[in-house]
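When you read off a place in the sequence shown, starting at 1, and then add 98, the result is the number in our numbering.
Glycine residues also receive a C-beta, built at the ideal position from the N, C-alpha and C atoms.
Written out below as structure tokens is the structure these notes cover.
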Amino acid sequence: MASRSSGTPPAPPRASSKRRPSAGRGPESPTAGPGDAPNPRQPCPCGSGRRYKHCHGSGRSVRVARPFEGLTGEADLIALRELVSAATSPLILSDPANADRSVTLATVLPQLSPALVREDGAILLGLQLAASSDDVSRDIGTALQVALEADPGQPIHPGPIGGVGSAGPRLQELLSDAPLDITVHEDYGFWLGRDPDDPEDEPIGPSLAAGLAEANATVIPSVRKPGNEAAYWCRPDDAKAHLRWVMTHPEEPLLDALAVLGAAGELDLGTGTKYAGAFRAHGLVAPVWDLPADAPAEQWWQPAEDFQKRLTAMLTTAPRLDEAARRFRSEILSRQVTLR
Numbered sequence: 099m100a101s102r103s104s105g106t107p108p109a110p111p112r113a114s115s116k117r118r119p120s121a122g123r124g125p126e127s128p129t130a131g132p133g134d135a136p137n138p139r140q141p142c143p144c145g146s147g148r149r150y151k152h153c154h155g156s157g158r159s160v161r162v163a164r165p166f167e168g169l170t171g172e173a174d175l176i177a178l179r180e181l182v183s184a185a186t187s188p189l190i191l192s193d194p195a196n197a198d199r200s201v202t203l204a205t206v207l208p209q210l211s212p213a214l215v216r217e218d219g220a221i222l223l224g225l226q227l228a229a230s231s232d233d234v235s236r237d238i239g240t241a242l243q244v245a246l247e248a249d250p251g252q253p254i255h256p257g258p259i260g261g262v263g264s265a266g267p268r269l270q271e272l273l274s275d276a277p278l279d280i281t282v283h284e285d286y287g288f289w290l291g292r293d294p295d296d297p298e299d300e301p302i303g304p305s306l307a308a309g310l311a312e313a314n315a316t317v318i319p320s321v322r323k324p325g326n327e328a329a330y331w332c333r334p335d336d337a338k339a340h341l342r343w344v345m346t347h348p349e350e351p352l353l354d355a356l357a358v359l360g361a362a363g364e365l366d367l368g369t370g371t372k373y374a375g376a377f378r379a380h381g382l383v384a385p386v387w388d389l390p391a392d393a394p395a396e397q398w399w400q401p402a403e404d405f406q407k408r409l410t411a412m413l414t415t416a417p418r419l420d421e422a423a424r425r426f427r428s429e430i431l432s433r434q435v436t437l438r
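Here's what the structure looks like:
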């Protein structure tokens with residue numbers, strides 16, 4: 099879970115300067131005639147930028163670049179899967195036959211289980227899995243479908259989820275599309291489905307209590323920014339805090355806008371803050387800012403709103419990059435980490 103608990107993204111190797119083919123254009127292969135397969139060493143015709151032998155010519159299925167695309171909560175789904183320790187959201191199922199089923203999406207479940215079915219039939223669905231296939235949405239949808247068919251209180255066996263590939267439906271096929279109603283938790287007490295303040299609940303056993311305490315020790319305190327943006331304040335330790343913001347803007351225009359703002363000195367969120375880099379996850383970019391650790395999360399909501407206005411204005415104008423902006427864009431790329 100390193101990617102979900104790390105702070106400032108480390109600096110990866112500087113991005114390659116090789117030009118990638120535009121989407122939809124096939125490679126111009128000097129050795130491939132009409133009807134022949136592309137040259138294995140040439141860029142794949144799909145526009146991914148990878149060599150054909152490592153992409154559609156590999157004989158393996160190709161990773162779905164944006165597995166949650168089409169869902170209103172796409173950015174939050176990515177944040178909960180990759181950047182937030184403990185959070186939940188109720189889900190609404192599209193099939194009227196399942197209208198009475200209670201399904202709660204969770205960042206992670208005990209032992210990275212894909213799903214749990216309680217004695218009352220309520221389902222907990224995990225986002226962070228032990229392994230993933232080329233389509234994360236299908237992995238999670240497969241687990242949900244099996245949980246819906248499972249007997250209450252019984253372990254579920256969704257079959258091969260991960261490297262072999264999942265056989266069930268995608269999440270988009272099972273959900274009624276709606277914004278997520280996210281609750282960020284201080285610990286993993288939601289695993290138990292109990293009210294800690296209810297005197298009628300029996301205390302948990304010492305072994306379970308010890309396991310839960312060990313898991314709780316890994317939780318990074320986090321707060322979700324109010325509104326529709328998937329922006330999360332977090333404090334990994336007493337020395338640092340961050341704002342991590344999964345954005346749905348197309349990557350290239352977003353990077354251009356960030357570069358222009360950075361070159362103009364308008365990329366930070368105020369005194370003591372610094373643009374730290376960005377994560378790339380499931381087709382979207384999540385910029386990260388370093389913040390003073392002693393300031394509460396709520397102090398950064400207005401600076402984040404002000405930045406959002408600057409960013410929106412910049413994206414609207416689509417400015418040309420001057421030399422300073424191009425240098426800053428290269429610096430931004432050098433501090434960008436891809437999570438898989």
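Nearest-angstrom beta carbon gap, Pro212 and Pro256 [assumed within contact, 8 Å]: Going by Cβ atoms, the distance from Pro256 to Pro212 rounds to 6 Å, so yes, they are a contact pair.
Distance CB(Ala337)-CB(Trp331) smaller than 8 Å: Going by C-beta atoms, Ala337 is not nearer than 8 Å to Trp331.
Boundaries of the beta strand (DSSP E) in which Pro385 is found, first to last residue: According to the DSSP assignment, Pro385 belongs to the beta strand (DSSP E) that extends over 382-389.
Beta-carbon spacing of Arg161, Asp232 below 8 Å: Taking the C-beta atoms as reference points, Asp232 is found nearer than 8 Å to Arg161.
Backbone CA spacing between Ala228 and Leu413 [nearest angstrom]: Ala228 and Leu413 have their alpha carbons spaced roughly 37 Å apart.
Residue ranges of each alpha helix (DSSP H) within the segment 366-438, 4 or longer: Whole alpha helix (DSSP H) segments, 4+ residues: 399-415, 421-432.
Residue closest to Ala277, alpha-carbon to alpha-carbon, out of Gly171, Ala402, Gln397, Arg179: Residue 277 is actually Pro in this sequence, not Ala. Taking only the C-alpha atoms, the option nearest Pro277 is Gly171.
Cβ-based neighbour list, Val215, same chain, cut-off 7 Å, excluding 5 preceding and 5 following: Closer than 7 Å at Cβ, skipping near neighbours: Ile221, Ala245, Ala248, Pro250, Gly251, Gln252, Ile254.
Bounding residues of the beta strand (DSSP E) (the contiguous stretch that carries Gly224): Gly224 -> beta strand (DSSP E) spans 221-224.
From Val321, Asp285, Pro334, residue whose alpha carbon lies closest to that of Asn314: With distances taken between CA atoms, Asn314 lies nearest to Asp285 out of Val321, Asp285, Pro334.
Rounded C-alpha distance that separates His347 from Leu382: Those two C-alpha atoms are separated by around 8 Å.
Backbone CA spacing between Gly368 and Asp198 [nearest angstrom]: Computed Cα separation, rounded: 47 Å.
Rounded Cβ spacing between Thr205 and Leu178 (contact assumed at less than 8 Å): Sure, about 5 Å apart at Cβ, within 8 Å.
Identity of the residues DSSP links to Ser264 by a beta bridge: DSSP lists no partner for Ser264.
Reduced DSSP secondary structure (H/G/I, E/B, other) of Asp237: Secondary structure at Asp237: helix, using DSSP grouped into helix, strand and coil.
Spatially closest choice to Gln270 from Lys323, Ile280, Gln243, by CA coordinates: Taking each of Lys323, Ile280, Gln243 in turn and checking the Cα distance to Gln270, the smallest one comes out for Gln243.
Reduced DSSP secondary structure (H/G/I, E/B, other) of Asp279: The answer is coil: DSSP assigns Asp279 none of H, G, I, E or B.
For Ile302 and Pro138, the rounded distance between their alpha carbons: Inter-residue distance for Pro138 and Ile302 is about 58 Å (C-alpha atoms, whole angstroms).
Cβ separation of Pro141 and Arg149, assumed to be a contact under 8 Å, to the nearest whole Å: With a Cβ gap of about 7 Å, Pro141 and Arg149 count as contacting.
Cβ pair Leu437, Ala379 closer than 8 Å: Yes; because the gap between Cβ atoms is below 8 Å, this pair is in contact.
Proximity winner among Glu421, Ala374, Ala402, Val282, relative to Ser432 (alpha-carbon distances): Here the closest residue by C-alpha is Ala374.
Run of the beta strand (DSSP E) containing Pro304, from where it starts to where it stops: Looking at the DSSP string, Pro304 is not in any beta strand (DSSP E); the run it does join, the alpha helix (DSSP H), is 304-314.
Trp398 and Leu341 closer than 8 Å at C-beta: Yes.
C-alpha distance - Val321 paired with Glu364, whole-angstrom precision: Taking the straight line joining both Cα atoms gives about 24 Å.
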